[in-house]
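Residues in the sequence shown are numbered from 243 upward in steps of one, following the numbering used here.
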Amino acid sequence: MKTLVHTEKEHIEEIIRSCDVCFVGLADTDGTPYVIPMNFGYQNGVIYLHSAQEGRSISILERNPKVCVTFSTDHDLVFQHPEVACSYRMRSKSVIGWGEVRFEEDFDKKTEALNIIMKQYSDKEFRYSDPAVKNVKIWLVDLDEVTCKEFGAPHKKY
């Protein structure tokens, strides 16, 4: 088994779209890490997230907007030999992206962002009340750098 590195945009986006949760890593100014699972949407290289208007993550982002977003899918425990513990590994695919969070405050753009997030989970059309849109914090992360790996891929047989 080996690890493959993928650089094709279509492959990267396929992995992102197949996930139902991403993990967002933040770092406070004292270096304390904070990682949270979040629902998300993805469109044109931008990750869309939402949260409450206040909280620990918002406080951290106000001090340091840099984040790392991780997606992981297709988990399957595999081995080369059933009696050799070190031959076991988790087969999976992952995408890791880095960027800075910016907050969207425009009402119509927040509604558009909520639609992008919901499109990740449903083909249904949604409507949102004014208070719901006004009270949600919308995060946008332009991915500056992305890596994509497939772990535990079988060796090709010739």
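Heads up, the beta-carbon is just placed ideally off N, CA and C, and yes, glycines get one too.
Any idea what DSSP makes of residue i, helix, strand or coil?
| i | result |
| --- | --- |
| residue 294 | coil |
| residue 252 | helix |
| residue 308 | strand |
| residue 260 | helix |
| residue 371 | coil |
| residue 245 | strand |
| residue 387 | strand |
Measure the CB-CB distance between residue i and residue j and report whether it falls below 8 Å.
| i | j | result |
| --- | --- | --- |
| residue 254 | residue 337 | yes |
| residue 339 | residue 278 | no |
| residue 385 | residue 343 | no |
| residue 258 | residue 335 | no |
| residue 245 | residue 393 | yes |
Enumerate in chain order the residues of its own chain whose CB-to-CB distance from residue i is below 6 Å, with the five nearest sequence positions on each side excluded.
| i | result |
| --- | --- |
| residue 360 | 368 |
| residue 260 | 315 |
| residue 362 | 283 |
| residue 287 | 385 |
| residue 248 | 390 |
| residue 285 | 358 |
Who are the near neighbours of residue i in its chain, counting only those whose CB is closer than 7 Å to its CB and skipping five residues on each side?
| i | result |
| --- | --- |
| residue 295 | 377 and 379 |
| residue 346 | 352, 355, 380 and 382 |
Buried or exposed for residue i, please, with buried defined as at least 16 other CB atoms from any protein chain shown within 10 angstroms of its CB.
| i | result |
| --- | --- |
| residue 313 | buried |
| residue 283 | buried |
| residue 341 | buried |
| residue 263 | exposed |
| residue 390 | buried |
| residue 352 | buried |
Among residues of its own chain, excluding the 5 on either side of residue i, which ones have a beta-carbon nearer than 8 Å to its beta-carbon?
| i | result |
| --- | --- |
| residue 267 | 275, 276, 277, 309, 310, 311 and 312 |
| residue 293 | 280, 299, 300, 378, 379 and 381 |
| residue 370 | 353 and 356 |
Does residue i come within less than 8 Å of chain D when only Cβ atoms are used?
| i | result |
| --- | --- |
| residue 313 | Protein chain content of the structure displayed is limited to a single chain, and chain D is not contained in it. |
Based on the DSSP output, what are the partners of residue i in its beta bridges?
| i | result |
| --- | --- |
| residue 380 | 292 and 346 |
| residue 314 | 336 |
| residue 275 | 269 |
| residue 360 | In DSSP, residue 360 forms no bridge with anything. |
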